[in-house]
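Participant: Using this note's numbering, you'd call the opening residue of the sequence shown number 173 and step up by one each time.
Pasting a structure below so you can have a look.
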Amino acid sequence: MQGTMKAAFFEGNGVLEIRETEIPVLDREDEMLLKVEACSICGTDVHVLSVPPSYPMEPGNVLGHELVGQVVKIGPAVKKFKIGDRVVVNPNEYCGKCRYCQANLPNHCENIVPMGLGGEGGFAEYIKATEKMSYKIKKDLPTNLAVFAEPLACVVNGMQKVRPNPGESVLIIGAGPIGLIFLKLMKSCGVYPIIVSEPSAVRREFAKKMGADYVVDPMKENLEERVLEITSVGVDLAADVVGSQMSQAISCARRGGTVLLFGVNTSVHPAVSQSDIVQKELRVQGTWLANATFPKAVAILEAGKVELEPLITHVLPLEQLEQGVNYMRSGEGVEVIIDFSL
Ligand SMILES: [Zn+2]
Ligand SMILES: [Zn+2]
């Protein structure tokens, strides 16, 4: 396929530019060309576009990594897919050969190539993806649901590390898409109570609708005091999905509890009370990207067991991507989807 397409380039210093560019040319035999159906805006995209950026990215690249697309061209070595198949893509291409890949930790691949964060991204009409990184989805899985595959796969990776049990108490700090996906999965595990801390009123309202037992505005209330009132000892699990709230998570976890760190914000370096971690015997667990969790994410979406559509606040054409990023930044948007059919 030749010709040009529209794509959203990161130009540095918070600047996003939508312009015509060449449709990618397949240069590996195991590659496929996808026509992008939709790509959702991730908190990471918002971090990249902050000034100064709170997630590093080289200017001149196309943003976007949470996409669903249709196969329109296949390389000669592609076996599993045919033209017309619909796929979701793990955007962090691993090599399969390095020490971490061989240790079953492809999310820590030494040669990782992150789509949309240093290469071609999903906020474009077409994108290349390799067979290895693509996962087939059913013909009738709604686009607006399929687009959750990547963030869901990352959340499942985090859930597998902490394995919350029924009746355990959880605090989720941050009610953006990731926090709310955690909330839905925790809920389906029988976790109780679930406390959500979030400064945006819109997002707190969403958290309530999605089943949070308590919501807290950390700007108006003392989170630690509220958590103690509710649980009397602190929560079994405190998850920071913001990337800068580790101290809050530590102070709200009970003795012997777990702190899960999901979000990334490279521009802040929160002071951490090491003695609290020692004296409370906390387990502090980071979780990074997806790791063999895409098949599970696709299965969850296709089974329709976890209701994620209510998270969608905005469905916009590519031209309004910047507006969408602003909705995310202000907390007015939760799941903001760029739909290429618009
Ligand atoms: Zn993401
Ligand atoms: Zn590797």
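Ideal placement from N, C-alpha and C gives every residue a C-beta, glycine not left out.
Consult DSSP for isoleucine 344 and reduce its assignment to one of helix, strand or coil.
Facilitator: Three-state result, isoleucine 344: strand.
Participant: Give the straight-line distance between the Cα atoms of isoleucine 484 and valine 250, rounded to the nearest whole angstrom.
Facilitator: Their Cα atoms are separated by approximately 34 Å.
Participant: Going by other Cβ atoms of all chains shown within 10 Å of its Cβ, with 16 needed for buried, is valine 444 buried or exposed?
Facilitator: With fewer than 16 other Cβ atoms within 10 Å, it is exposed.
Participant: What are the residues that DSSP puts in a beta bridge with glutamate 401?
Facilitator: Paired residues: none, contrary to the question.
Participant: Of the choices His280, Asn498 and Phe295, whose alpha-carbon is the least far from that of glycine 268?
Facilitator: The shortest C-alpha separation from glycine 268 is found at His280.
Participant: Using 7 Å as the cut-off, classify the Cβ of glycine 215 as near or not near the heavy atoms of ligand 2, replying yes or no.
Facilitator: Glycine 215 Cβ: outside cutoff for every heavy atom of ligand 2.
Participant: Express the C-alpha separation of asparagine 329 and alanine 275 in angstroms, rounding to a whole number.
Facilitator: If you take the alpha carbons of alanine 275 and asparagine 329, they lie about 16 Å apart.
Participant: Would the region 329 to 341 and the region 225 to 239 be scored as touching if the rule is three or more Cβ pairs under 8 Å?
Facilitator: Counting Cβ pairs under 8 Å, fewer than three are found: no touch.
Participant: Pick helix, strand or coil for cysteine 211, following the three-state DSSP scheme.
Facilitator: Looking at cysteine 211 - three-state DSSP - the assignment turns out to be strand.
Participant: Rounded C-beta distance between alanine 373 and alanine 469? I'm assuming under 8 Å.
Facilitator: So it is not a contact: roughly 30 Å between Cβ atoms.
Participant: Assuming glycine 186 and serine 222 are in contact, meaning their beta carbons sit under 8 Å apart, how far apart are those beta carbons, in whole angstroms?
Facilitator: Right, their Cβ atoms sit about 7 Å apart.
Participant: Taking the beta carbon of isoleucine 350 as the centre, do at least 16 other beta carbons fall within 10 Å, making it buried, or is it exposed?
Facilitator: Label assigned to isoleucine 350: buried.
Participant: Which residues in the same chain have their Cβ closer than 7 Å to the Cβ of valine 399, if we skip the five residues on either side of it in sequence?
Facilitator: The answer, listed in chain order, is Leu343, Ile367, Gly406, Val407 and Cys424.
Participant: What distance in whole Å lies between the Cβ atoms of glycine 496 and isoleucine 213, which are believed to be in contact at a cut-off of 8 Å?
Facilitator: Yes, they are in contact, since the Cβ atoms of isoleucine 213 and glycine 496 sit about 5 Å apart, within 8 Å.
Participant: Going by DSSP in three states, methionine 229 sits in which element: helix, strand or coil?
Facilitator: In the structure shown, methionine 229 sits in coil (DSSP, three-state: anything other than H, G, I, E or B).
Participant: How far does the beta strand (DSSP E) with isoleucine 195 in it reach, from first residue to last?
Facilitator: Unbroken run through isoleucine 195: none, as it is neither H nor E.
Participant: Comparing alpha-carbon positions, which option in Glu303, Thr176 and Asp257 lies nearest proline 248?
Facilitator: The residue with the shortest Cα to Cα distance from proline 248 is Glu303.
Participant: Taking only the alpha-carbon atoms, compute the straight-line gap between glutamate 203 and proline 196 and give it to the nearest angstrom.
Facilitator: Rounded to whole angstroms, glutamate 203 to proline 196 spans 11 Å at the Cα level.
Participant: Just to confirm the assignment, what range does the alpha helix (DSSP H) spanning glycine 351 have?
Facilitator: Residues 349 to 360.
Participant: Identify which residue in Cys211, Asn262, Glu297 and Met229 has its Cα closest to the Cα of arginine 191.
Facilitator: The option with the nearest alpha carbon to arginine 191 is Glu297.
Participant: Pull up the CB-CB distance for leucine 561 and alanine 411, whole angstroms please, since I reckon it's below 8 Å.
Facilitator: There is simply no residue 561 to check, as the chain begins at 173 and stops at 514 in what is shown.
Participant: In this structure, does DSSP put asparagine 168 in helix, strand or coil?
Facilitator: What is shown of the chain runs 173 to 514, which leaves residue 168 out entirely.
Participant: Please report the straight-line C-alpha distance between threonine 438 and alanine 462, rounded to a whole angstrom.
Facilitator: Taking the straight line from one Cα to the other gives about 19 Å.
Participant: Under DSSP, the beta strand (DSSP E) around glycine 428 begins and ends at which residues?
Facilitator: Element bounds for glycine 428: 425 to 433.
Participant: Among Lys300, Pro365 and Met305, which has the Cα closest to the Cα of threonine 403?
Facilitator: Here the closest residue by C-alpha is Pro365.
Participant: Can at least three beta-carbon pairs, one atom from the region 372 to 387 and one from the region 301 to 318, be found at a separation below 8 Å?
Facilitator: Judged by Cβ distances under 8 Å, the region 372 to 387 makes no contact with the region 301 to 318, as fewer than three pairs qualify.
Participant: Look up glutamate 507 in the DSSP assignment and give the residues it is bridged to.
Facilitator: The partner list for glutamate 507 (beta bridge, DSSP) reads Ile484.
Participant: What distance in whole Å lies between the Cβ atoms of lysine 356 and glutamate 453, which are believed to be in contact at a cut-off of 8 Å?
Facilitator: 30 Å between Cβ atoms; not a contact.
Participant: What does the alpha-carbon distance come out to for the pair glycine 348 and lysine 252?
Facilitator: For glycine 348 and lysine 252, the distance between alpha carbons rounds to 35 Å.
Participant: What separation, rounded to the nearest whole angstrom, lies between the Cα atoms of tyrosine 272 and phenylalanine 354?
Facilitator: Whole-angstrom Cα-Cα distance: 26 Å.
Participant: Consult DSSP for threonine 492 and reduce its assignment to one of helix, strand or coil.
Facilitator: What sits at residue 492 in the sequence shown is glutamine, not threonine. Three-state result, glutamine 492: helix.
Participant: Going by DSSP in three states, serine 447 sits in which element: helix, strand or coil?
Facilitator: Of the three classes helix, strand and coil, the one that applies to serine 447 here is helix, per DSSP.
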